Amino acid sequence: MRECDLAIIGGGASGLAAAYFAAQSDPSRRLRIVLLEATERVGTKILVSGGGRCNVAPFQASERDYWGTSRPVIRNVLRSFGVTDTLRWLTEIGVEVKLEEETGKYFPATDSAATVRNALVRAVEECGCKILTRHRVTSLTRVDDWFHLEFLNRRDRVRARRVILAAGGKALPKSGSDGGAYELLKEMGHKIISPVPALVPLVLARDNTVGGRFHELAGISVLARISLLSSSGAVQATTEGSVLFTHFGVSGPAVLDISRHVTHHLEFYRQAAVLTLAFAGFSNAEDADVSLRRLAQEFPRKTLAGALATFLPVRLAQLIAGSLAMKRVSQLSRQERTEIAQNLAALPLRVIGHRGFECAEVTAGGVDLREVDWRTMESRYQKGLHLCGEILDVDGRLGGFNFQWAWSSAYLAGQAAAKLLLSELDNSV
-13 MRECDLAIIG GGASGLAAAY FAAQSDPSRR LRIVLLEATE RVGTKILVSG GGRCNVAPFQ
47 ASERDYWGTS RPVIRNVLRS FGVTDTLRWL TEIGVEVKLE EETGKYFPAT DSAATVRNAL
107 VRAVEECGCK ILTRHRVTSL TRVDDWFHLE FLNRRDRVRA RRVILAAGGK ALPKSGSDGG
167 AYELLKEMGH KIISPVPALV PLVLARDNTV GGRFHELAGI SVLARISLLS SSGAVQATTE
227 GSVLFTHFGV SGPAVLDISR HVTHHLEFYR QAAVLTLAFA GFSNAEDADV SLRRLAQEFP
287 RKTLAGALAT FLPVRLAQLI AGSLAMKRVS QLSRQERTEI AQNLAALPLR VIGHRGFECA
347 EVTAGGVDLR EVDWRTMESR YQKGLHLCGE ILDVDGRLGG FNFQWAWSSA YLAGQAAAKL
407 LLSELDNSV
């Protein structure tokens, strides 16, 4: 049986960062630190994030950019290790970063996620941490003062004085985060907030409505505001940004950001969700009606499809115009103009599903934040067990916010685990 002081379960962003911060808190190298990864290599999700560019951090982050069971916990964790700390730390481990000013996102200067992943692995190994791949933990038990870990299809075992669980949620399961760690935590008394995909593309119903034919526009993107409606028609959530039409429905930044609310709706109500789409420039139907009347005055001979194409992609303009496409915009009846204006300012979309955890960038749900001490990220139910990253019930919006949570929570978990271990070693002498 392999024996160590600290075992870190999960070799993703938060696991690698936690290993580094733990080792940095032990400059004399007294602690034996082992990182356990379920798949063949660590940092798989890092490599595919941000389209292979890896958006390592946002310009700034606060609890308002996240959802979870405790906003105060999120706020305190982010304040303990913020964006400025992240940028300084990345520079220390050899990752030069740049700010993409138009989006407010930080990327490695190389525009390559491999730069981030390789720097993390190198930094962890140089600190003396041992990385073991193909070690999927199937059992985690506490016996006296030790945690005992068993693995899938392996005879070797590990026992550790403390454990950091950074095994992720259920998003992108091929990276190793298949949700198996939830079962380990349930056995220790933790409550798991039901996990659903977040930052995930949405599937639309196909019918003869305008929204039901968006699959015909695959590849086209527009700027728009998207709102999720309740059964009573009240707006529950709103996002703005680029919307991409696909063969299955919609994707793009605005869709990904609102998706966590939609997947919760689908999970809870077990019925389709209703979104409305307001194209850029049309805050309401009245504004859209004014624009149509102005177009009729400026271009009286233009067809409706041609008039709409002055501010929308041609194929989208034709779809919205429908049977009125070839009618002159100046000849529209009030009722026809009202109908078109409504579709410009609040086009209804019926969402019947999503693309699943396989296509999700992050998990919404996980361990209730109130069940950890944010100062140390230690479980309130199991002494010596620390949690960080996506395993917790925290999900951020698009733009580097989930990486920032990974770094911030890993910093607290890694430092605390190491300092507590060193204190325990000193007290045992």
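Counting in the working numbering, the sequence shown runs from -13 upward without gaps. Idealized CB from N, CA, C, for every residue including glycine. Being a predicted model, the structure only gives us computed values, none of them experimental.
For residue i versus residue j, is the C-beta spacing smaller than 9 Å?
{"i": "threonine 52", "j": "glycine 382", "result": "The question names threonine, yet the displayed sequence has tyrosine at residue 52. Yes. Within cutoff."}
{"i": "phenylalanine 67", "j": "serine 365", "result": "no"}
{"i": "leucine 333", "j": "glycine 197", "result": "yes"}
{"i": "glycine 352", "j": "proline 181", "result": "yes"}
{"i": "leucine 406", "j": "arginine 16", "result": "no"}
{"i": "glycine 166", "j": "valine 129", "result": "no"}
{"i": "leucine 209", "j": "phenylalanine 265", "result": "yes"}
{"i": "isoleucine 79", "j": "alanine 109", "result": "yes"}
{"i": "alanine 146", "j": "glutamate -11", "result": "yes"}
{"i": "proline 183", "j": "serine 237", "result": "no"}
{"i": "isoleucine -5", "j": "leucine 22", "result": "yes"}
{"i": "leucine 384", "j": "aspartate 243", "result": "yes"}
{"i": "glutamine 10", "j": "glycine 400", "result": "yes"}
{"i": "glycine 267", "j": "aspartate 273", "result": "yes"}
{"i": "threonine 55", "j": "aspartate 379", "result": "yes"}
{"i": "leucine 278", "j": "alanine 327", "result": "yes"}
{"i": "leucine 185", "j": "alanine 157", "result": "yes"}
{"i": "arginine 103", "j": "glutamate 26", "result": "no"}
{"i": "serine 207", "j": "valine 229", "result": "yes"}
{"i": "leucine 118", "j": "arginine 199", "result": "no"}
{"i": "threonine 249", "j": "alanine 350", "result": "yes"}
Measure how close the beta-carbons of residue i and residue j come, nearest whole angstrom, since I'm counting them as under 8 Å.
{"i": "alanine 416", "j": "arginine 336", "result": "There is no way to answer for residue 416, as the model of the chain reaches only from -13 to 415."}
{"i": "glycine 29", "j": "leucine 106", "result": "6 Å"}
{"i": "serine 0", "j": "alanine 152", "result": "4 Å"}
{"i": "valine 144", "j": "alanine -7", "result": "6 Å"}
{"i": "proline 187", "j": "glycine 227", "result": "With 8 Å as the limit, proline 187 and glycine 227 do not qualify as a contact, their Cβ atoms being about 14 Å apart."}
{"i": "serine 48", "j": "asparagine 41", "result": "That belief does not hold up - the Cβ atoms of serine 48 and asparagine 41 are roughly 17 Å apart, past 8 Å."}
{"i": "glycine 370", "j": "valine 63", "result": "So it is not a contact: roughly 20 Å between Cβ atoms."}
Quick check on the burial criterion: 16 or more other C-beta atoms within 10 angstroms. Buried or exposed for residue i?
{"i": "proline 239", "result": "buried"}
{"i": "glutamine 321", "result": "exposed"}
{"i": "methionine 363", "result": "buried"}
{"i": "leucine 85", "result": "exposed"}
{"i": "valine 214", "result": "The amino acid at residue 214 is misidentified as valine; the sequence shows leucine. By the neighbour-count rule (16 or more Cβ atoms within 10 Å), leucine 214 is buried."}
{"i": "histidine 233", "result": "exposed"}
{"i": "glycine 292", "result": "buried"}
{"i": "arginine 140", "result": "exposed"}
{"i": "aspartate 142", "result": "exposed"}
{"i": "leucine 290", "result": "buried"}
{"i": "proline 44", "result": "buried"}
{"i": "leucine 330", "result": "buried"}
{"i": "valine 300", "result": "exposed"}
{"i": "arginine 361", "result": "exposed"}
{"i": "glycine 90", "result": "exposed"}
{"i": "aspartate 131", "result": "exposed"}
Put residue i into one of helix, strand or coil per three-state DSSP.
{"i": "valine 186", "result": "coil"}
{"i": "isoleucine 212", "result": "strand"}
{"i": "proline 299", "result": "coil"}
{"i": "proline 181", "result": "strand"}
{"i": "alanine 75", "result": "The identity of residue 75 in the sequence shown is tryptophan, whereas the question assumes alanine. Three-state result, tryptophan 75: helix."}
{"i": "aspartate 169", "result": "Going by the sequence as given, residue 169 is glutamate instead of aspartate. Three-state result, glutamate 169: helix."}
{"i": "alanine 293", "result": "helix"}
{"i": "tyrosine 367", "result": "coil"}
{"i": "arginine 108", "result": "helix"}
{"i": "arginine 122", "result": "coil"}
{"i": "leucine 305", "result": "helix"}
{"i": "histidine 340", "result": "strand"}
{"i": "arginine 103", "result": "helix"}
{"i": "valine 196", "result": "coil"}
{"i": "lysine 160", "result": "helix"}
{"i": "arginine 314", "result": "strand"}
{"i": "isoleucine 206", "result": "coil"}
{"i": "valine 42", "result": "coil"}
{"i": "glutamate 49", "result": "helix"}
Could you tell me the boundaries of the alpha helix (DSSP H) in which residue i lies?
{"i": "phenylalanine 389", "result": "387 to 414"}
{"i": "aspartate 243", "result": "239 to 255"}
{"i": "arginine 65", "result": "57 to 66"}
{"i": "serine 0", "result": "-1 to 10"}
{"i": "leucine 34", "result": "This sequence places valine at residue 34; leucine is not what is there. Note, valine 34: alpha helix (DSSP H), 30 to 34."}
{"i": "threonine 324", "result": "320 to 331"}
{"i": "valine 276", "result": "271 to 284"}
Give the range of the beta strand (DSSP E) segment to which residue i is assigned.
{"i": "glutamate -11", "result": "-12 to -5"}
{"i": "glycine 352", "result": "348 to 353"}
{"i": "glutamine 465", "result": "The structure shown does not extend to residue 465, since the chain spans only -13 to 415, so no value can be given for it."}
{"i": "aspartate 381", "result": "380 to 382"}
{"i": "alanine 259", "result": "259 to 265"}
{"i": "arginine 148", "result": "144 to 151"}
{"i": "tryptophan 53", "result": "52 to 54"}
{"i": "tryptophan 360", "result": "Taken as a continuous stretch (DSSP letters only), tryptophan 360 belongs to no beta strand (DSSP E), as it is neither H nor E."}
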